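Residue numbers (our numbering): 39 to 311.
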């Protein structure tokens, strides 16, 4: 995907040095946007091999409203383990494995002042079916009351759907964007969510628009980014969903099929914790 390589190049050439909580250091730019049309293929990086199983299970985990890593670990997915250790969770008075009020809870069980809950995903599905041109097709993960109660405050924190002429698009605002490790995950995950939401509402998945705010490349990822920039993008794969699924909560791992994915080898890099 040339869009992503252009992003890497932009940050390498224009990023300014900043500090970070991880004490690694990074270079960053403020504000960047990419667009991915679903008709061009599923936007899964080909310039390095991506762990699609982890991407799918993480999204299913969010959609379950889950905030405990047990579901992920039961399926061999370890991408959240570093933030779920007894030492990490104890800082927030949480039991081991529990991450607190993050994405899954905010998407499916946002707590109101009256003590009720709001299922933002279900509300968007309902509105898309009844009035798809609404401008209120919003899911928000950023709750100022809770961001200091978790180890990792939501990075991809706000997204909105857009419908026109039977086509559905998704626009994500990401407050904090780890360009080398996180952003490729986010591109694939939200593109997949777009496809799922389009299917269950009878619409055509059209475009994923990705807006990054603090767009940073950690200093210990710079050499890996340069390696990736030397690689030629290959044709994008095709993602197919089980057409029998009509409820957003009914998707399972077996309902996703990737075809013609021919990536370059993976590039290892340390996660900033």
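For glycine and all other residues, C-beta sits at the position ideal for the given N, C-alpha and C. Keep in mind that this is a model prediction, so the values were computed, not measured.
Under DSSP, residue 127 takes part in no beta bridge, so it has no partner. For the region 126-189, the full-length alpha helix (DSSP H) segments reaching 4 residues or more read 141-146 and 158-168 along the chain. In the DSSP annotation of this structure, the continuous segment of the alpha helix (DSSP H) that includes residue 239 starts and ends at 220-239.
Rounded to whole angstroms, the gap between the alpha carbons of residue 85 and residue 233 is 23 Å.
Residue pairing by DSSP places residue 207 opposite 200 and 245 in a beta bridge. A distance below 8 Å separates the beta carbons of residue 137 and residue 121. Scanning its chain for C-beta atoms nearer than 7 Å, with the 5 sequence neighbours on each side dropped, one finds around residue 213 the residues 193, 195, 251 and 252, in chain order. Judged by DSSP in its simplified three-state form, residue 300 adopts coil rather than helix or strand. Apart from sequence neighbours up to five positions away, the residues of its chain that approach residue 170 with a beta-carbon distance below 6 Å are 201, ordered along the chain. The straight-line gap separating the alpha-carbon atoms of residue 97 and residue 239 is approximately 18 Å. The DSSP assignment places 276-279 as complete runs of the beta strand (DSSP E) inside the region 251-284, in order along the chain (cut-off: 3 residues).
By the criterion of a C-beta distance shorter than 7 Å, residue 54 is surrounded in its chain by 65 and 66, once the five residues flanking it on both sides are discounted. Here residue 90 is near residue 296, since their CB atoms are less than 8 Å apart. Following the DSSP letters along the chain, one finds residue 67 inside the beta strand (DSSP E) bounded by residues 64-75. Exclusion of the five residues before and after residue 265 leaves 305 as the residues of its chain whose Cβ lies within less than 8 Å of its Cβ. Closest in alpha carbon position to residue 175, among 123, 79 and 158, is 158. Under the three-state reduction of DSSP, residue 108 is assigned to helix. Straight-line measurement puts the Cα of residue 93 at about 6 Å from the Cα of residue 223.
Looking only at 308, 197 and 227, the smallest Cα-Cα distance to residue 208 is reached by 197. Around the beta carbon of residue 166, 16 or more other beta carbons sit within 10 angstroms, so the residue counts as buried. Each residue's CA atom was taken as its position, placing residue 298 and residue 204 some 28 Å apart. Look at the beta carbons and you see the region 72-82 touching the region 274-293: at least three pairs across the two are nearer than 8 Å. Remark: C-beta atoms of residue 72 and residue 45 approach each other more closely than 8 Å. Here residue 150 is exposed, its C-beta having fewer than 16 other C-beta atoms within 10 Å.
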